[in-house]
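Chains as they are written, first to last, in this note's numbering: chain X, 922 to 1297; chain W, 922 to 1297.
Heads up: the structure comes next, in structure tokens.
Protein chains: 2
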Amino acid sequence: MMNPQSCTPSEPYRGLIHRYGFRLDIEGKESPITLHEGNTPLIETPRLADRIVPGGRLFVKYEGLNPTGSFKDRGMTTAMTQAVHEGAKAVICASTGNTAASAAAYAARAGITCAVLIPNGNVALGKLAGALAYGAKVIAIDGSFDDGLRIVRELEGVSGLAVVNSVNPARLQGQKTAAWEVCDQLGDFPDWLCLPVGNAGNISAYWMGFQECQAGKCGGLDCQACGRVRAPERGLPRLLGAQAAGAAPLVLGHPVAKPETKATAIRIGNPARGDQALRAIAESNGHLCAVTDEEIFQAYGKVAKAEGVFCEPSSAAGIAGLRQAVKEGKIDPKGKTFVCVLTGHGMKDPDSVLSSGAQIHKAAADMASVLKEIER
Amino acid sequence: MMNPQSCTPSEPYRGLIHRYGFRLDIEGKESPITLHEGNTPLIETPRLADRIVPGGRLFVKYEGLNPTGSFKDRGMTTAMTQAVHEGAKAVICASTGNTAASAAAYAARAGITCAVLIPNGNVALGKLAGALAYGAKVIAIDGSFDDGLRIVRELEGVSGLAVVNSVNPARLQGQKTAAWEVCDQLGDFPDWLCLPVGNAGNISAYWMGFQECQAGKCGGLDCQACGRVRAPERGLPRLLGAQAAGAAPLVLGHPVAKPETKATAIRIGNPARGDQALRAIAESNGHLCAVTDEEIFQAYGKVAKAEGVFCEPSSAAGIAGLRQAVKEGKIDPKGKTFVCVLTGHGMKDPDSVLSSGAQIHKAAADMASVLKEIER
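In structure tokens, the structure reads:
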């Protein structure tokens, strides 16, 4: 078990297991596999708030600042730590890209082998580059993410091989810490927590985290891992889950055989934790919606240009969903506090910027030519 | 001035100016322009240590986890805060890519215009994508970084336009905080601090930070912004600066008219702070060296594959330089503590991975085909 001193705030941050290990239900915590994931910024975005939640406060939880550029690292530190503890010599996962980079990095850190299955031709460039840089074996299958996940589940139980998709319960143990951090940083529950829903592991993990926080299951008052909510009597946050319109199995109520969206990270037709996500949304008196690619990309451009926060397209689905719900009168924003989770960094997907029509100007290398170009 | 309570460690982190503002020599601190930069991980890398500093300890300072993916954000929060305080309506900079993304993000955050000059054809894709995403006017000039910097300096003094290159002294005020963080995280000075040298602002800023730390100029014992070094009597760290062999003006002793290296972030032939960097290296009894692109790319691959930390190629120059110095007997690593600064995230430059020969395998969407590919 962790030393209780591990969470004194004056000690340097050394990752989720060091910080919250005593409340995470995994094995092997005495030898964590960590890249100091977590501890990501919660940034208030007043210009965006004026536009989409007038009279309310809006924050983004910038999960793109995890070591491999997405929230997946939270679950990967716990899944990899437990896998190594159990003697795994290799890990495998299906991925739209973010899980691949994360699994590859933590396997490298652990000194074990990693294989990742990606859908052929539908993964952002920067994500593949990550998995390859970390030395993973990247296998493009002639099928979708859902096909990859099916194959990976068939491989469960092969000796020495651990599956690190979010069907692995150790993943959610790490991911739930994002909810605790949000509470730490706000000093309170938000009114609404909004996020994209792909495989539905993340929304399930947030709900688990908030519930445990309310129940005081997350530590002692002396260690900042509890006592984080100043007014727990106001009740748990409501969850807003947003799916891409072309990949919205939970909204439709049935799997989607051929999911389609340019937001590749949520291009999933048969979510592994769909039932759990629906339960979380229902229990929280939340809201589930589908947003078009146009709405997603508009939110994606706006958060970068209005606030200086660059996320990947799918990350903006939570903002797009919130905007839609307010416009449709389903949420009255006045006096409310909203947190939108930005799940991955925009750097992962340079093509989405370069293909959106942004222009590079040209000039000769002298002051007059440059000034002319600036004023043009 | 900042509230002294702003640095109590139990308060959520809200960026450099909030944390260290009382010790930063800039104006406008009461309205900081921030994306919660800084607070980046210091990660111990024992496998890499075994290989390059046997008998010593090696840490990497992972500056790629700043908001726009590089250390530039530290200087940009201070430069932009001061520029806005002084009434700037627009900012301009020359850049090999990292400064461009950072200036663009902080200008967006401040709600002002940003123009960036980049050398035509020699900037990593992911970096351009960033600057464009944040809405900056990106101008590719028919010349080098050095040409861009010359033009920008000619524009100094234009009303309402602030230059945010590292010739701006407010930049170094933010950048020096990286030295303070290293001390906070280690609880001590390292023996050696190793980093790439391009325009030479960063090495100058680290030296300023370490000196201020030793002089107790960084706050009071009660606020963690001082008292960070347990044994200051052991003396200041020594600085190791590494330039790319094809862009090594400080090593050669004269500007390089046509700098050449695949490590684009340090492809600079006439560093703005060259003299200051040489002084810092001399005062610290340090070491300056040139490393080949081959050495840089080897270190770049190794830190990702052996430790799960993905940096951009130029970031690995410090590691490459350290390795070279130990191999040549110029540094005895036994019992010593080394910190290598990884200045930017590898996600910024996916092309460097994809062009390095890393392979994607293909398989049909069934378990047998996938297993065959894994075992191949």
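Using N, Cα and C, we set each Cβ at its ideal position, and we do this for glycine too.
For Asp1105(W) and Ala1136(W), I'd like the C-alpha separation in whole angstroms. For Asp1105(W) and Ala1136(W), the distance between alpha carbons rounds to 15 Å.
Of all the CB atoms in chain X, is at least one closer than 8 Å to the CB of Val1059(W)? So, interface residue.
Pick helix, strand or coil for Gly1141(X), following the three-state DSSP scheme. For Gly1141(X), the pLDDT reaches just 37, beneath the cut-off of 50, and the residue's location in the model is therefore unreliable, although a value from the coordinates is still provided. Here DSSP, grouped into helix, strand and coil, assigns Gly1141(X) to coil.
Output needed for Leu963(W): all residues of its chain with C-beta closer than 6 Å, excluding positions within five of it in sequence on either side, in chain order. Within the same chain, Cβ atoms closer than 6 Å to the Cβ of Leu963(W) are found at Phe980, Lys982 and Gln1106, the five residues on either side in sequence being excluded.
State yes or no: is the beta carbon of Leu1142(X) nearer than 8 Å to at least one beta carbon in chain W? For Leu1142(X), the predicted model reports a pLDDT of 36, less than 50, meaning its position is unreliable; a value from the coordinates is still stated below. No - not a single Cβ of chain W is within 8 Å of the one on Leu1142(X).
Over what stretch of residues does the beta strand (DSSP E) that includes Glu965(X) continue unbroken? Here the beta strand (DSSP E) through Glu965(X) covers Leu963 to Glu965.
Give the list of continuous beta strand (DSSP E) stretches no shorter than 3 residues that lie fully inside the segment 1235 to 1276 of chain W. With a minimum length of 3 residues, the continuous beta strand (DSSP E) runs that stay inside the segment 1235 to 1276 of chain W are 1258 to 1263.
Hey, would you say Phe1066(W) sits closer than 8 Å to Ile1189(W), going by beta carbons? Cβ atoms of Phe1066(W) and Ile1189(W): closer than 8 Å.
Quick check: is the beta carbon of Leu1275(W) nearer than 8 Å to any beta carbon in chain X? Yes, because at least one Cβ of chain X sits closer than 8 Å to the Cβ of Leu1275(W).
Mind listing which residues of the segment 1045 to 1057 of chain W have their C-beta closer than 8 Å to chain X's C-betas, in chain order? If you check each beta-carbon in the segment 1045 to 1057 of chain W against every beta-carbon of chain X, the ones closer than 8 Å belong to Leu1046, Gly1047, Leu1049, Ala1050, Gly1051, Leu1053, Ala1054, Tyr1055 and Gly1056.
Quickly, what does DSSP pair Tyr1055(X) with across the bridge? List them, please. Note: Tyr1055(X) sits in no beta bridge, so no partner.
Provide the residue(s) that pair with Ile1062(X) in DSSP beta bridges, ordered along the chain. Among the bridge pairs identified by DSSP, Ile1062(X) is matched with Pro1040(X) and Ala1284(W).
According to the Cβ coordinates, are Gln1094(W) and Thr966(W) closer than 8 Å? Not closer than 8 Å, so no.
In this structure, how does DSSP classify Arg1194(X) when only helix, strand and coil are distinguished? Assigned with DSSP and collapsed to three states, Arg1194(X) falls in coil, not helix or strand.
Return yes when the Cβ of Cys1232(W) is within less than 8 Å of the Cβ of Gly1195(W), no when it is not. For the pair Gly1195(W) and Cys1232(W), the CB atoms are not nearer than the 8 Å cut-off.
Answer with buried or exposed for Asn946(W), where buried requires no fewer than 16 other C-beta atoms within 10 angstroms of its C-beta. The question names Asn, but residue 946(W) in the sequence shown is Asp. Exposed is the call here.
Okay, do the segment 999 to 1008 of chain W and the segment 1024 to 1031 of chain X touch, 3+ Cβ pairs below 8 Å being the bar? Proximity of the segment 999 to 1008 of chain W to the segment 1024 to 1031 of chain X falls short of the contact definition, fewer than three beta-carbon pairs being nearer than 8 Å.
Any idea if Gly1141(X) is buried or exposed, counting beta-carbon neighbours within 10 angstroms, 16 or more meaning buried? Only weak support is given to the placement of Gly1141(X): the predicted model assigns it a pLDDT of 37, under 50, and the value that follows is read from those uncertain coordinates. Within a 10 Å sphere around the beta-carbon of Gly1141(X) sit fewer than 16 other beta-carbons, which makes this residue exposed.
Would you kindly check if the distance between the Cβ of Gly1069(X) and the Cβ of Pro1111(X) is under 8 Å? The answer is no: Cβ separation not under 8 Å.
Residue environment, His1208(X), which counts as buried when at least 16 other CB atoms sit within 10 Å: Under this definition His1208(X) is a buried residue.
Is the Cβ of Asp1063(W) closer than 8 Å to any Cβ of chain X? It does; some Cβ of chain X falls within 8 Å.
Chain-ordered residues of the segment 959 to 973 of chain X with a beta carbon less than 8 Å from chain W: Result list: Asn960, Pro962, Leu963, Ile964 and Arg968.
Based on the DSSP output, what are the partners of Trp1208(W) in its beta bridges? The residue asked about is misnamed: residue 1208(W) is His in this sequence, not Trp. Here His1208(W) is bridged, per DSSP, to Leu1161(W).
Excluding five sequence neighbours on each side, which residues of the same chain lie with their C-beta closer than 6 Å to the C-beta of Trp1128(X)? Cβ within range, chain order: Ala1201.
Distance between beta carbons of Leu1161(X) and Leu1053(X), contact taken as under 8 Å: Wrong, their Cβ atoms sit about 35 Å apart, outside the cutoff.
Residue nearest to Gly977(W) in terms of C-alpha spacing, selected from Ala1165(W), Ala1289(W), Val1262(W) and Asp1253(W): The shortest Cα separation from Gly977(W) among Ala1165(W), Ala1289(W), Val1262(W) and Asp1253(W) belongs to Asp1253(W).
Could you tell me which chain X residues have their CB closer than 8 Å to the CB of Tyr1302(W), listed as they occur along the chain? A question about residue 1302(W) goes unanswered here, because the residues of chain W that appear run from 922 up to 1297.
So with Cβ pairs under 8 Å, would you call Gln1106(W) a contact of chain X? The C-beta of Gln1106(W) comes closer than 8 Å to at least one C-beta of chain X.
C-alpha distance - Ala1045(X) paired with Lys1269(X), whole-angstrom precision: The straight-line gap from Cα to Cα measures roughly 7 Å.
Determine whether the beta carbon atoms of Leu1038(X) and Val1084(X) lie at a separation below 8 Å. For Leu1038(X) and Val1084(X), no; Cβs fall outside 8 Å.
In whole angstroms, what separates the C-alpha of Tyr1311(W) from that of Lys1255(X)? Nothing can be reported for residue 1311(W): it is not among the residues displayed for chain W, which extend from 922 to 1297.
Put Ser1080(X) into one of helix, strand or coil per three-state DSSP. The answer is coil: DSSP assigns Ser1080(X) none of H, G, I, E or B.
Which term fits Glu1007(W), buried or exposed, when burial requires 16 or more other beta carbons within 10 angstroms of its beta carbon? Classification of Glu1007(W): exposed, given that the 10 Å Cβ count is below 16.
Between the C-alpha atoms of Ser1290(X) and Ala1061(W), what's the straight-line distance to the nearest angstrom? If I take the Cα positions, the gap works out to 11 Å.
Just the C-alpha distance for Ala1286(W) and Leu1076(X), rounded to the nearest angstrom, thanks. When only Cα atoms are considered, Ala1286(W) and Leu1076(X) end up about 13 Å apart.
Three-state secondary structure (DSSP) at Pro1170(W)? Look at Pro1170(W) here: in three-state DSSP terms it is helix.
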